[in-house]
Structure formats: structure tokens, C-alpha cells
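Asker: Encoded as C-alpha cells, here's the structure I'll be asking about.
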């Protein structure tokens, strides 16, 4: 009599695991990303600032919020011109969460990205979890600021010295 209950329990456990695995969102196609984006551009990350630290309600982990300043290099879609800057915001996710639940931008990287305007029209957010579609130049470091008000910028590029 216990055997049917054990089998039922195993079946429920297996379906719970399968449901959790199915919960990881699928990436959008390039066309879907473009259609849903207000700005599709090649950008260089000029700086990243930690704007807030908030405690996650479920894990209790302190999670930073970020604001990145991006210089637009090329535009495929949108009303921003090359040479202009845009601001992108995002919030870190708990370390225990599996999956690409947020898009990070790192100082110095040059990347193609898909962005949507936030409701305030002053900042952007990544369109989806695969918003960074092609990294042209990798960042020197993936170190991000950890305290509110702290800003990280890419290292200064040294110009080649000309012989005297």
C-alpha cells in the first residue's frame, strides 16, 4: 500500500523539477529583440555607478542597483545619434538564482545591445535577457562598484608615445 504513495511522491517531485527547469525563459530571436526595442546600438560603456543597495526579500542578500553611462557608436534602430550618451539601469540578482536573469554592462566593453525606454524616458533597460548580442571589445575587468555613489570607469587608454 505504501508503494503507490511512494511512486506518486516521486512523480510529483519529478514534475516539480521539470516545471522549475521550464521556468527559465528562452532567449528572444534577433528579430524579436529588434521589434521590442526602442534602441538597437553599438555602445561603449563609459562608467557604471552603484546607485542603491537593497535587501532581497527572499534571500536577505544585499543587492546593488546600477546605472551605466553608454556612448552610442552606431545605431540600427532608435532616435539616438552616434556620439550621444544614454543611461541604462539594472539590479543585481541573488547569487543563488540560476539563469541569466539580468544583463550586466561592464566599463570599457563595446557591445551591440537592445534597449527599451523606461517609463520616465530618462533611462533605458535591457530589452530581454539576451539583449547584449555581440561583444566587440571585452572589458578589462568585470569589477563593478559595491557602495552607493561609487563609480567604476574603464582604465585610461595610453596613447602611443612618439619618438623625440
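Numbering (this note's numbering), first residue to last: 27 to 190. No residue lacks a Cβ here, since even glycine has one placed at the ideal position from N, Cα and C.
1) Helix, strand or coil for residue 177? Go by DSSP, reduced to three states.
2) Rounded to whole angstroms, what's the CA-CA distance from residue 139 to residue 156? Just pull it up for me.
3) Check whether the Cβ atoms of residue 93 and residue 128 lie closer than 7 Å to each other.
4) According to DSSP, residue 165 sits in a beta bridge with which residue or residues?
5) Where do the N-terminal and C-terminal ends of the alpha helix (DSSP H) with residue 88 fall, by residue?
6) For residue 137 and residue 85, I'd like the C-alpha separation in whole angstroms.
7) Hey, residue 96 and residue 119: beta-carbon distance below 7 Å or not?
8) Looking at the structure shown, is residue 15 part of a helix, part of a strand, or coil, going by DSSP?
9) Apart from the five residues on each side of it in sequence, which residues of its chain come closer than 7 Å, Cβ to Cβ, to residue 166?
10) Should residue 149 be listed as close to the ligand PLP, given that the test is whether its C-beta is under 6 Å from any heavy atom?
11) I'd like the ranges of any alpha helix (DSSP H) spanning at least 4 consecutive residues and lying wholly in the region 117-168.
12) Mind reading off the beta-carbon distance from residue 68 to residue 100? Whole number of angstroms is fine, and I expect it under 8 Å.
13) Going by beta carbon distance, what residues of the same chain come within less than 8 Å of residue 89, once the five residues before and after it are set aside?
14) Within the continuous alpha helix (DSSP H) that includes residue 59, where are the two ends?
15) Output needed for residue 63: all residues of its chain with C-beta closer than 7 Å, excluding positions within five of it in sequence on either side, in chain order.
Answerer: From the atom records:
1) If DSSP states are grouped into helix, strand and coil, residue 177 belongs with the strands.
2) Here the C-alpha atom of residue 139 lies approximately 9 Å from the C-alpha atom of residue 156.
3) When the beta-carbon positions are compared, residue 93 and residue 128 stay at least 7 Å from each other.
4) Partner(s): none; residue 165 has no beta bridge.
5) Note, residue 88: premise wrong, no alpha helix (DSSP H); beta strand (DSSP E) at 88-103.
6) Their backbone Cα atoms lie some 32 Å apart in a straight line.
7) No, the pair does not count as a contact, with Cβ atoms beyond the cut-off.
8) Nothing can be reported for residue 15, as the shown portion of the chain is limited to 27 through 190.
9) 134, 180 and 181.
10) Because no ligand of any kind appears in the structure shown, any question about the ligand PLP cannot be addressed here.
11) Counting only runs of 4+ residues, no alpha helix (DSSP H) is found wholly inside the region 117-168.
12) About 4 Å separates the beta carbons of residue 68 and residue 100, which is inside the 8 Å limit, making them a contact pair.
13) Answer for residue 89: 79, 80, 81, 82, 117, 118, 119 and 120, listed in chain order.
14) Residues 56-62.
15) Result list for residue 63: 103, 140, 141, 142 and 153, in chain order.
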